[in-house]
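I have placed the structure first, in the form of structure tokens, so that the comments after it can refer back to it.
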Amino acid sequence: MNTKIEIIKTTSENADLGSLITALDASLWTRYPELKTNYWRNNIIEFNPNVIIVYLDDKAVACGCFKKYDKNTIELKRMFVSPEARGLGLAKKIILELELWAHKLGFSCSVLETLCKQNEAIGLYQKMGYTIIDNYEPYIGLKNSICMQKQI
């Protein structure tokens, strides 16, 4: 079976991103119902010009983006792969594309936040060279947050 994979650069105005973020939020709130009130304030969708969406046979199945954290650092955001597309290496492809994109824009460091039960994500980030760091704003004091960093 040949599967067509297409990776596109887009913005947060892409309607497919909205659908993927809705699925991401639903999966997080199912896994972490107790955290919804603590984390909802950090779940703001603002315009972002640095978005990647992956299409599998013309269906949007995965996404990720980055935003500027400081003059040298980006923060990876909205990493998600639909359940039916997991195991195909799409998250790794997204991370590599985002890091390359950010590096071309002059950034040298990447940070991210994930939640403590996201064992698959934590393992992937570590395989890709990310190390756990002290929580950064706005995650300071949130014990369920795991923050990570990598030089790109």
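Numbering (full-length UniProt numbering), first residue to last: 1 to 152.
For every residue, glycine included, the Cβ atom is placed at its ideal position computed from N, Cα and C.
Owing to the predicted nature of the structure, the values given are computational and were not obtained by experimental measurement.
Opening and closing residue of the beta strand (DSSP E) in which residue i lies
{"i": "residue 171", "result": "A query on residue 171 cannot be resolved here, the shown segment of the chain reaching from 1 to 152 and no further."}
Residues bridged to residue i [DSSP beta-bridge criterion]
{"i": "T10", "result": "V51"}
{"i": "A5", "result": "A small correction: the amino acid at residue 5 is Ile; Ala does not occupy that position in the sequence shown. DSSP lists L56 as partners of I5."}
Alpha helix (DSSP H) segment containing residue i, residue limits
{"i": "T30", "result": "15–31"}
Alpha carbon of residue i to alpha carbon of residue j, nearest angstrom
{"i": "Q46", "j": "D58", "result": "The question names Gln, but residue 46 is Glu in the sequence shown. Taking the straight line joining both Cα atoms gives about 26 Å."}
{"i": "I152", "j": "E99", "result": "6 Å"}
{"i": "E97", "j": "Q126", "result": "17 Å"}
{"i": "M148", "j": "I140", "result": "13 Å"}
{"i": "T30", "j": "T22", "result": "12 Å"}
{"i": "E75", "j": "S110", "result": "6 Å"}
{"i": "N48", "j": "E84", "result": "26 Å"}
{"i": "V54", "j": "I8", "result": "6 Å"}
{"i": "N50", "j": "E34", "result": "30 Å"}
{"i": "Y130", "j": "C65", "result": "16 Å"}
{"i": "C116", "j": "L142", "result": "10 Å"}
{"i": "N144", "j": "A26", "result": "18 Å"}
{"i": "A62", "j": "I146", "result": "22 Å"}
{"i": "D70", "j": "E6", "result": "30 Å"}
{"i": "residue 159", "j": "D134", "result": "No statement about residue 159 is possible, as the shown extent of the chain runs from 1 to 152 and does not include it."}
{"i": "K4", "j": "L56", "result": "6 Å"}
Any alpha helix (DSSP H) of 4 or more consecutive residues that is wholly inside the stretch 70–147: 90–104, 119–127
Meets three-Cβ-pair contact criterion under 8 Å: the stretch 62–79 and the stretch 105–124: yes
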